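Numbering (the numbering used here), first residue to last: 2 to 220.
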């Protein structure tokens, strides 16, 4: 079985690819469609980007994911409506947002990546949404300390290794980006393995329907 996990980076996209039981292969791409074309032979692809933008209100997936991460709920951001995401600048996005749903600068900062994914003509049933912290919580049987901390970083590396995903020791050199991106993509690849085996669970279950698309965070 061939699976992959993808995460956005400051310069593009990073994938951790697991091919037929081999060790993880790390690839980088300038844009999302280049990533999908390169991963044409992959059976399941988990991605740490929202798939499915609401026209109004909140996504059930985000609310449920926050509920699973006790003490770390802030790592799950509320996905804005498509109208807000498509705003030309942050001030306009704030004006368009519903009360209580003001987008953070962090969220608006990845708007181009969110739109790349949601507007891609290559997006297909192989590709599904993941939140790495939900996946790591499932691996650990509970919420972990921040991956920005030394303990949190190594705990995640050890959890992945226990699942057979042994990352290279020279992460930054291998990834061409930040170690966080490699960890998150690896967690997405682990979730893709679970999906391939029929063991992954969606939040919500069954997925929410938005614009004719099943919308869920899988773990």
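Glycine included, every Cβ here is placed at the ideal spot set by N, Cα and C.
These figures come from a predicted structure and were not determined experimentally.
**Closest by C-alpha distance to residue 127, when choosing among 114, 194, 204 and 11** = 194
**Message:** For residue 54 and residue 170, what's the separation of their Cα atoms in angstroms?
**Reply:** 37 Å
**Asked** Considering residue 73, what are the terminal residues of the beta strand (DSSP E) in which it resides?
**Response** Per DSSP, residue 73 belongs to no beta strand (DSSP E) and is neither H nor E.
**Message:** In this structure, how does DSSP classify residue 87 when only helix, strand and coil are distinguished?
**Reply:** coil
**Request:** Let me know the secondary structure DSSP gives residue 97 once reduced to three states.
**Result:** helix
**Asked** Among all the DSSP beta bridges, which residues are the ones paired with residue 65?
**Response** For residue 65, which the question treats as bridged, DSSP gives no partner whatsoever.
**Request:** Would you mind stating whether residue 189 and residue 203 have Cβ atoms separated by less than 8 Å?
**Result:** no
**Asked** Does DSSP put residue 212 in a helix, a strand or coil?
**Response** coil
**Asked** How about residue 118 and residue 27: are their beta carbons less than 8 Å apart?
**Response** no
**Prompt:** Which parts of the segment 141–171 are runs of the beta strand (DSSP E), unbroken and 3 residues or longer, counting only runs that do not cross its ends?
**Reply:** none
**Asked** Buried or exposed: where does residue 140 fall if 16 or more other Cβ atoms within 10 Å of its Cβ makes it buried?
**Response** buried
**Item:** Identified DSSP bridge partners for residue 7
**Value:** 16 and 48
**Asked** According to the Cβ coordinates, are residue 111 and residue 9 closer than 8 Å?
**Response** yes
**Request:** Compute the Euclidean distance between the alpha carbons of residue 198 and residue 23, then round it to the nearest angstrom.
**Result:** 17 Å
**Asked** Buried or exposed: residue 212, going by 16 or more other Cβ atoms within 10 Å of its Cβ?
**Response** exposed
**Asked** Just the Cα atoms here: how many angstroms apart are residue 160 and residue 77?
**Response** 21 Å
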